[in-house]
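What the sequence shown shows, in our numbering, is residues 6 to 105, in sequence order. Heads up, the beta-carbon is just placed ideally off N, CA and C, and yes, glycines get one too. Since the structure comes first, as C-alpha cells, the remarks are kept for the end.
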Amino acid sequence: MKKKHSIEVLEEFKFHYRNSDSIGLSDKYFMAHNLDEAIDMFDYVCDKRHLDTEVTEIFKWNRWLSKWEKYDPEEYSSLKDGLDLHFKFELPNNRVNFEH
Numbered sequence: 006m007k008k009k010h011s012i013e014v015l016e017e018f019k020f021h022y023r024n025s026d027s028i029g030l031s032d033k034y035f036m037a038h039n040l041d042e043a044i045d046m047f048d049y050v051c052d053k054r055h056l057d058t059e060v061t062e063i064f065k066w067n068r069w070l071s072k073w074e075k076y077d078p079e080e081y082s083s084l085k086d087g088l089d090l091h092f093k094f095e096l097p098n099n100r101v102n103f104e105h
C-alpha cells in the first residue's frame, strides 16, 4: 500500500494596512501556506516598492464558511516573541541608489 503525500494547502490572506504617506487604508492579498509565509511576502513587497506601512488587520479566508476571519495580533505575537506589523524599506549599504 502506497503512502499518500500530504500536500500543504495554500490559503488566502488579506493585509489591511496604511501607507505612511496616505490617509486611507489599502488591502493586499497573498496565497500562502501559513501566516508566517504571508507576512514574509508582505515584507518583501514593502521592501521592493519602498513602502513604509503599518498593518492594521490581518484576515484569512475561510473557504468553508465563505468569510474572512480576523487574526488577533496580540494572540499571534504572544506565540512569536512580539509581532511587529510595521514594515519599512531600508536601503542596504551594498545596494546602489539610482534615485537622486
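State the start and end residues of the unbroken alpha helix (DSSP H) segment that holds residue i.
{"i": "residue 76", "result": "Taken as a continuous stretch (DSSP letters only), residue 76 belongs to no alpha helix (DSSP H), as it is neither H nor E."}
{"i": "residue 52", "result": "40-53"}
How many Å lie between residue i and residue j at the Cα?
{"i": "residue 48", "j": "residue 74", "result": "21 angstroms"}
{"i": "residue 24", "j": "residue 30", "result": "7 angstroms"}
{"i": "residue 44", "j": "residue 28", "result": "23 angstroms"}
Note the first and the last residue of the continuous beta strand (DSSP E) segment covering residue i.
{"i": "residue 59", "result": "57-67"}
{"i": "residue 30", "result": "30-37"}
{"i": "residue 13", "result": "Per DSSP, residue 13 belongs to no beta strand (DSSP E) and is neither H nor E."}
Excluding the 5 residues preceding and the 5 following residue i in the sequence, name in chain order all residues of the same chain whose CB lies nearer than 8 angstroms to its CB.
{"i": "residue 38", "result": "13, 14, 15 and 16"}
{"i": "residue 33", "result": "19, 20, 22, 47 and 50"}
{"i": "residue 67", "result": "73 and 74"}
For my contact list, residue i and residue j are in at a C-beta cut-off of 8 angstroms; report their separation, rounded to the angstrom.
{"i": "residue 60", "j": "residue 20", "result": "5 angstroms"}
Would you mind working out which of the options sits nearest residue i, comparing C-alpha positions?
{"i": "residue 76", "options": "22, 70 and 40", "result": "40"}
{"i": "residue 22", "options": "11, 66 and 51", "result": "51"}
{"i": "residue 64", "options": "26, 53, 58 and 36", "result": "36"}
Between residue i and the rest of its own chain, which residues show a CB-CB distance below 7 angstroms, the 5 nearest in sequence each way excluded?
{"i": "residue 71", "result": "none"}
{"i": "residue 62", "result": "21 and 75"}
Using a Cβ-Cβ cut-off of 8 angstroms, state whether residue i counts as contacting chain B.
{"i": "residue 75", "result": "Here chain B cannot be found, since the structure has a single protein chain."}
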